[in-house]
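Residue 273 in numbering that gives the first Met the number 0 sits at position 274 of the sequence shown, with consecutive numbering throughout.
Read through the structure below, which is laid out as structure tokens, and then see the notes.
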Amino acid sequence: MNNNFTYKVGGSLAEDAPSYVFRQADFDLYNELKLGNFCYIFNSRQMGKTSLQVRTIKRLQAEGIACTTIDISGRGSKYINPEQWYAGIVYTLVANFEIANPSEFIRTWWKENCGLSPIQRLDIFLEEFLLKRIQSKIVIFIDEIDSILSFSFQGDDFFSWIRSCYEKRNLNNEFNRITFALLGVATPSDLIADKIRTPFNIGHAIQLNGFQSSEVSPLASGLKGKVENPQAVLKEVLAWTGGQPFLTQKLCDLLVAPQNFILYESLKTRTEITESEWVKNIVIQQIVENWDSLDEPPHLKTIQDRIFMSRYNTGALLGLYQKILQLGQIPASDSPEQIELRLSGLVVEHQGYLKIYNQIYANVFDLNWVKKALAELRPYSEALSAWFVSNCQDNSRLLRGKALEDAKTWVANKSLNQQDYQFLTASQEFEKQEMATALAFQEEESRILAQANETLTTAQHQAKQQIRIGGGVLICSLIGAAIAFVGATISTNQLRETQLGIRLEQAGITALKQFETNQIESLVTAIDAGHRLKEIVKDGRPLAKYPASSPIFALQTILNNIHEVKRFVAYKDNITAVNWSHDGKYIVTASNNRTASIWNLSGNLIAELKGHQDGVLIANFSPDGKQILTSSSDKTVRLWNFSGKQLAILRHQENVTSASFSPNGKRVITTSGNPPVVERGMDGKTIVNIPNDKTARIWDLSGNLLLQLQHQAKVNSAKFSPDSKYILTASDDKTARVWDRSGKLLQTFTGHTMAVNSAYWSPNGKYILTNSNDSYVWDISGKQITRFKVDDKWVTMDAGFSPDSRRIFVSTPYKTYVRDLSGRLIREIKNEKVLNGNAEFSPDSQRLFTTDDTIKVWDIGDEAVKPWDLSSNLITELTGDQSSPRWSPDGKYIVTFGQDKIVRIWDLSNKIPVTKVAINSKDAITGASWSSNGKYVITPTRKSILIWNSYGQQLARFIGHEDVVSSANFSPDGKKIVTASSDKTARVWDTSGKQLLLLSGHEDGVEYATFSPDGKYILTTTYNHKTRIFSESGKLITTFKARGITWSHNSKYILAMFDYDGKNYSSLWNISGDKIVEFQGSENSYLGASFSQDGERIVTTDGNIVTIWNTSGQKLSNLKANQDIYSPSFSPDGTLVIATSLDNKAIIWDTSGKQLLEIPHQSKVGFAVFSPDGQRIVTASDDKIYHVWDISGKQLAQYKYSSTFISPVHFSPDGKYILAHVQGNSPEQNKVLIWRIDELDGLLARGCGWLKDYLNTQPQIRKRLKVCWVNS
């Protein structure tokens, strides 16, 4: 018996602990660090990271390598600032490496260099002290890096510095002596939050897995002498723990605990208890049952807390985990929810699947635990449970009214499971039905009210008659009754408007929900609601007085994103194929009902092709559109004319697998073959029936068989060359072959190790693509150009060339790859869900659609974008159950069909008046601004100035600057342009591009230049914070030091911002350069400032205080908020002030200091501005969304953008558009976005315009939407 052996439960193991288990990670980490490679170990808690670190340090130090540890969790997080934190790191390094007295070093060297940023000082310390004092190799372990995520400041600088140490190895050989090892519960993408920076993409990931059976022999030592078969017991332990280090040590410790050991000895004398039963009893009684009280040290609680306090939605994690419990495992992905669930430790990835880590977790965190956790999350849990108990029949359990609104508020931005969505959708539909009933009642009430008003009119007429005859008493009674009735009518109208407003809000919400599955119906619902709202507000009231806003928001959102233009029900049976005619005017569909059909784009049936004896699987037009080819499960291919007359039957003995016309339309090529069938013969032996047809067949249009092209196995595809002179075939015999039209074999392509599934000609006829579990590109002589492996697990499901023959795509169930002909990867698109892996280039080769559970259309034209950075390249996503998309020949449309038997046509051409314009330039755009009339946009670039109209069309390009143009602005009259450049000049131009003035004499690059609002002066600022004011003729008037310049609207004053000695200042100057007054901000606070419209008041922010001043510096009022405030501005009429606060809000006050409104957001709000008429507000938030609100805080629209930081937004002078300059990950991705903001009338007109063609074929919907045809 080993009395000295102890198991360690919780905390790190000592460097000589006997229960330490050596894993593969011990060898990997030691060897990589010894080689000088940066490493990181990112895993869930209590996996033994710190113990591994302790052991590795001991081993490295034995090799003469200097090592130390920086524990981030031990340095504070919530209240520490960067200065303190970096000083603490240097203190630790000085102390641990014994470089100097650490306290003295911080007091002297660190403080003496306070003019440098903390990260600069750390960098200098490393290079000037650490590397010079320590001559050996150095390894710095950084533990608990996830603690940095809770810092009050971002840790981007720190991890970027670590990466810079790696990159300096090429410049300074000394940096090859230092390396880092990072440990924590995080992912590499967590380390650098600022997406404008290069991600943390260095180092070797060390896989720290649980204990394996081959590794745990040290743990058996503690069981010897206490159990008969230590190895068998240890095997049972691993069966329960899955090798999770903490649980394995804990369970072993429990097994050898005196009370359990005695119990085991007692049971053995009375029963034949097995090791398996004994271990199970200990697990159930001392770990699983009442686990919340037995969980010491905490382990299971740690996992539960990680789930409940997740950065991601707890509901989504619980729903995902519930699915794993039910299915046993699910395919692993890199979704945020899956990553978070893995970091909790609850699940583990194994062979491409996500499964529960071990049996202990499965027993503790079982389905009942999930159900209880979800119930505690939901405010409507009891009602949901009762509804499902009633088999979804008891509508009294559904939510309505305030309870439903509260539930929708709670659900917002949460990902829940299917039951939640089913219950809430049913509640909304039931409330909608109740509202419809109430509306019918209300309409009847209105009819009665109208009759009452008619009675009132009659009464008034009678009163006048009585006046004439002097009937005073009756007159008074009638007039009094009339006055009372009018009062009652006003009250009733107000109540009716409120009720109708509630219904309209619900209708707008319903329209938005419909959009996910039925875009056209959602627009119909939104237009209907918008029209009813218009009838209420036709009195001309301001937006803030509208009784509902969701119809406006729904219309704006739907019209900004809609692509579905037409739909029609093709069959009662499932659709199997759909294709365009080559002129794009017609569509042919195939169905399981044995027919194919020809349709025009309005959904009118042109012809039915009847004759097949089984479901039709393929349907294609001939190149001239005069004939149609179909194939069926009846083993025939049939040819038809456009009117539906059958012309020929091409018969096969096996199922037809492909059929197509030659490009010249004179021949048809087909393949066939039954799938292999495995049967058992009479003698019991297995028989595999192989397809007999090993040919591709060529036919004329009369149905005569002309050629059979023979392979050694089933032919999978056969295609004519673009000039119709050659045929390319691919076969299960692992070859592809090229033949001439006479059937002569010209070339055989070999090299594939599995069946060749497909082969394609390039459109220019020069190249061939063959696909198996790998892909080859060949020239037509048979020379291999490139080969690349598609995926280790999957074969190609779809592939093809781009129409310009420059690129290829290859799709697998999980990914689509886009490459050039040399094999260089251009794009890698990961499917969110495995489906069919289809893809296709657009006719212009600039776009590609991919399919998983939705259809995504990608912009692939910009090869400057990195293959993995596609977030800003997703053009649109076509949702719902859609299959087999096909581009129209002009690339403007995509046609799809779904299991709902509906054919849909989607418009990708933005044919309606501009909703969103993306201005792109090959030169990097550095800014954007409007002309005074709102008709033009000017954008500075590297060395030129571009002028555009609001539709994104470039009108002019000026050249003259010798360096980057940093700003460009129109004069107030729109006749001149002033530009600023890094070439140390500002220049004035007329709108034809002629240079009028050169403003020189700047000592540094000019950052900004603008005209005064009256156009009489020009102001410039340089990068060294000097401001100059010039006359209109170019004469220098004054110079002063400042930055962040703003003109007053009356051109009398200038607001300038500067900082000094750690404090921020705003100062007010006149145009002569005299400082009038100075506003001082608190230390480390942001001091924002702006003018009122009349130029006589100024609003500033300092911390959480907003102050209004006059131009003499007199304080007029203070406005307060709970958090620091930024970006203050006046409303156009000067009665309101808006600013953004640190707690994710935009706040509005009146100028007396009364807070009127808070507009909460989901993330930090960077900017908030009023529209020129003061009726709208636009806010920009950190979640990359621009929000449009009315001044009562009701949302009217939102626009998503892709940028690396919050981009300012500007209204056009007429308030009809907003303009933003957004920046991507490369200069080439910088772009200017213009969004249209419509009034209700404009939205209704746009919606009706979109549905114009659709309504012509839908009389019932046309009748419903009277607003679309009454005035048309």
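Where is the CB? At the ideal position from N, CA and C, for every residue including glycine.
How many Å lie between T785 and I828 at the Cα? Stepping through the sequence shown from its first residue, residue 785 is reached at position 786. Stepping through the sequence shown from its first residue, residue 828 is reached at position 829. Their backbone Cα atoms lie some 21 Å apart in a straight line.
Any 3 or more C-beta pairs closer than 8 Å across the segment 211 to 218 and the segment 169 to 177: no
Does the contact criterion of 3 or more C-beta pairs under 8 Å hold for the segment 1086 to 1104 versus the segment 1129 to 1146? yes
Same chain, Cβ closer than 7 Å to P535, neighbours up to 5 away in sequence not counted: Locating residue 535 in the sequence shown gives position 536, where the first residue counts as 1. The residue you asked about is not Pro; residue 535 is Ile in the sequence shown. Within the same chain, I535 has close Cβ partners E496, L499, P546.
Using 8 Å as the threshold, is the segment 752 to 764 in touch with the segment 796 to 804, meaning 3 or more CB pairs across them? yes
Near M434, which residues of its chain fall below 7 Å by C-beta distance, leaving aside the five closest residues on each side in sequence? Locating residue 434 in the sequence shown gives position 435, where the first residue counts as 1. Closer than 7 Å at Cβ, skipping near neighbours: R502, Q505.
Can you tell me where the beta strand (DSSP E) holding G602 begins and where it ends? Position 603 of the sequence shown holds residue 602. Premise fails: G602 is in no beta strand (DSSP E) and is neither H nor E.
State the DSSP-derived secondary structure class of F787, mapped to helix, strand or coil. In the sequence shown, the residue the question calls residue 787 occupies position 788. F787: strand per DSSP, three-state reduction.
Exposed or buried, D1240, counting other C-beta atoms within 10 Å across all chains shown (16 or more means buried)? The residue you call residue 1240 lines up with position 1241 of the sequence shown. Exposed: under 16 other Cβ atoms inside 10 Å.
Helix, strand or coil at H1024 [DSSP, three-state]: By one-based count along the sequence shown, residue 1024 stands at place 1025. In the structure shown, H1024 sits in coil (DSSP, three-state: anything other than H, G, I, E or B).
Sequence-distant residues of its chain with Cβ nearer than 7 Å to I648 (five each side left out): Indexing the sequence shown from 1 puts residue 648 at position 649. So the qualifying residues of the chain are T635, R637, G702.
Reference G1152; option with closest CA among I1124, P1171, S1116: To locate residue 1152, count along the sequence shown from 1; it is residue 1153. For the residues I1124, P1171, S1116, the minimum Cα distance to G1152 belongs to S1116.
Buried or exposed: where does I123 fall if 16 or more other Cβ atoms within 10 Å of its Cβ makes it buried? The residue labelled residue 123 in the question sits at position 124 within the sequence shown. Classification of I123: exposed, given that the 10 Å Cβ count is below 16.
Per the contact definition of three or more C-beta pairs closer than 8 Å, is the segment 1245 to 1259 in contact with the segment 558 to 565? yes
Under three-state DSSP, which class holds C66? Residue mapping note: residue 66 aligns to position 67 of the sequence shown, counting from 1. Strand, per DSSP.
If you draw a straight line from the alpha carbon of K110 to that of G87, how long is it in whole angstroms? Taking the sequence shown and counting its residues from 1, the one referred to as residue 110 is at position 111. Taking the sequence shown and counting its residues from 1, the one referred to as residue 87 is at position 88. Rounded to the nearest angstrom, the two C-alpha atoms are 13 Å apart.
Residue from D1213, T49, F140, D1189 with nearest C-alpha to G35: One-based indexing of the sequence shown puts residue 35 at position 36. It is F140.
For T1178: DSSP bridge partner residues: Position 1179 of the sequence shown, counted from the start, is the residue given in the question as residue 1178. T1178 pairs with A1167, H1186.
Helix, strand or coil at S549 according to DSSP, with G and I counted as helix: Taking the first residue of the sequence shown as position 1, residue 549 is located at position 550. Helix.
Using the rule of at least 16 other Cβ atoms within 10 Å of the residue's Cβ for burial, across every protein chain shown, is V369 buried or exposed? Mapped onto the sequence shown, residue 369 falls at position 370. Counting Cβ neighbours within 10 Å, V369 comes out buried, since at least 16 surround it.
When you compare only the Cα positions, how much space is there between P842 and I586? Translated into the one-based positions of the sequence shown, residue 842 becomes position 843. Translated into the one-based positions of the sequence shown, residue 586 becomes position 587. Each residue's Cα considered, the two are about 17 Å apart.
Element boundaries [alpha helix (DSSP H), containing V236]: For the purposes of this step, residue 236 is taken as the residue at position 237 of the sequence shown. Run containing V236: 229 to 240, per the alpha helix (DSSP H) assignment.
Between A1041 and T1021, is the Cβ-Cβ spacing less than 8 Å? As a working note, residue 1041 is residue 1042 in the sequence shown. As a working note, residue 1021 is residue 1022 in the sequence shown. No, Cβ-Cβ distance for A1041 and T1021 is not below 8 Å.
Looking only at DSSP bridge pairs, what is Y585 linked to? Position 586 of the sequence shown holds residue 585. Y585 is bridged to N599.
What residue ranges within the segment 1098 to 1174 form continuous beta strand (DSSP E) runs of no fewer than 3 residues, ordered along the chain? 1104 to 1109, 1114 to 1119, 1124 to 1129, 1135 to 1140, 1144 to 1149, 1154 to 1159, 1164 to 1169
Have a look at the DSSP bridge pairing and note the partners of P330. Translated into positions along the sequence shown, residue 330 becomes position 331. Paired residues: Y352.
Since Y725 is in the beta strand (DSSP E), which residue starts that stretch and which ends it? Counting from 1 along the sequence shown, the entry for residue 725 is found at position 726. Looking at the DSSP string, the run of the beta strand (DSSP E) that includes Y725 is 725 to 730.
Which residue's Cα is closest to the Cα of K693: F1210, Q709, I526, D739? If you number the sequence shown from 1, residue 693 lands on position 694. Closest by alpha carbon: Q709.
Evaluate H349 with the Cβ neighbour count: other Cβ atoms within 10 Å of its Cβ, from every protein chain shown; 16 or more gives buried, anything less gives exposed. Translated into the one-based positions of the sequence shown, residue 349 becomes position 350. Burial call: exposed.
Once the 5 residues before and after A510 are set aside, which same chain residues still bring their CB inside 6 Å of it? Counted from its first residue, the sequence shown places residue 510 at position 511. Counting only Cβ-Cβ distances below 6 Å, and skipping sequence neighbours, we find S521, T524, A525, A553.
Starting from the Cα of I1158, find the closest Cα among D365, L182, S1170, T1178 and give me that residue. Sequence index remark: in the sequence shown, residue 1158 carries index 1159 (1-based). The option with the nearest alpha carbon to I1158 is T1178.
C-beta atoms of V776 and Y766 nearer than 8 Å: By one-based count along the sequence shown, residue 776 stands at place 777. By one-based count along the sequence shown, residue 766 stands at place 767. Yes, the Cβ-Cβ distance between V776 and Y766 is below 8 Å.
Counting pairs of Cβ atoms below 8 Å between the segment 1252 to 1271 and the segment 967 to 978, do you hit three or more? no
Unbroken alpha helix (DSSP H) runs of length 4 or more, entirely within the segment 498 to 569: which are they? 518 to 535, 549 to 560
Do S72 and S146 count as a contact pair if the criterion is CB distance below 8 Å? Position 147 of the sequence shown, counting from 1, holds the residue named residue 146. Position 73 of the sequence shown, counting from 1, holds the residue named residue 72. Yes.
Determine the extent of the beta strand (DSSP E) in which T178 is found, giving its start and end residues. The residue labelled residue 178 in the question sits at position 179 within the sequence shown. Segment 177 to 183, the beta strand (DSSP E) holding T178.
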